[in-house]
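Numbering (this note's numbering), first residue to last: 39 to 231. Here a beta-carbon is modelled for each residue, glycine too, at the ideal position from N, C-alpha and C.
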């Protein structure tokens, strides 16, 4: 009887040890990061404040991912590194598609040394934040929904808007590494006034 009890206890401990080693091995497996395509389409550009480097933008943000279901969980939070969003409206949600319209104020260093032939970049920097570090979420550019609306009312008085460009980079901080999407809108002093 004692031998049977001892063998039972030994079997239970063996099962516990094997279960814990399976859990430990599972915890060490690297997880595949979510690939999130992100795009910004600018609808309008407000006045560029030459003193502060501030500019107002009206734009759509589109996020798509086959790895993420927006109907079951909220979209990853975004940090607008060089500005802030004042309003978000017209939210559209589908399983792998999330889109919203925003109005925000952004800042960028403006260089007026070549006045009156200024060439500047209006930028939007969008970064993932904790808990969506780089090992969990990686942005990719989405050209399909990116750019500037091709309408006559998208203008910057006194400037010509050039073709925007987009890229993704990684940003490293003491608390983690994050994915960052950047949209750059080059503008140049208008030769026609």
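| Item | Value |
| --- | --- |
| Would you check if the distance between the CB atom of residue 117 and the CB atom of residue 167 is smaller than 8 Å? | yes |
| Is it the case that the segment 196–203 contacts the segment 93–103, given that we only count it when at least three CB pairs across the two stretches are under 8 Å? | no |
| Could you tell me which residues DSSP pairs with residue 216 in its beta bridges? | 209 |
| Among the candidates 224, 157 and 197, whose CA atom is the shortest distance from the CA of residue 185? | 224 |
| Within the same chain, show all residues whose beta-carbon is closer than 6 Å to that of residue 130, passing over the 5 residues directly before and after it, in chain order. | 137 |
| Give a yes or no on contact between the segment 168–188 and the segment 142–151, applying the rule of three or more CB pairs nearer than 8 Å. | no |
| Less than 8 Å between the C-beta atoms of residue 111 and residue 165, yes or no? | no |
| Between which two residues does the beta strand (DSSP E) holding residue 234 run? | Because the chain in this structure spans residues 39 to 231, residue 234 falls outside the shown range and cannot be described. |
| Pull the bridge partners of residue 94 from the DSSP assignment, please. | 143 |
| Kindly indicate the opening and closing residues of the beta strand (DSSP E) around residue 125. | 121–132 |
| Could you give the residue range of the beta strand (DSSP E) that holds residue 176? | 175–179 |
| Hey, would you say residue 170 sits closer than 8 Å to residue 212, going by beta carbons? | no |
| Given this structure, state the Cα-to-Cα distance separating residue 128 from residue 196, to the nearest angstrom. | 31 Å |
| With a threshold of 7 Å on Cβ separation, who are the neighbours of residue 73 within its own chain once the five nearest residues in sequence on each side are excluded? | 103, 105, 176 and 178 |
| Compute the Euclidean distance between the alpha carbons of residue 226 and residue 159, then round it to the nearest angstrom. | 9 Å |
| For residue 73, name the three-state secondary structure that DSSP assigns. | strand |
| Could you pull the DSSP bridge partners for residue 108 from this structure? | Residue 108 pairs with nothing; no bridge assigned. |
| Going by DSSP in three states, residue 88 sits in which element: helix, strand or coil? | coil |
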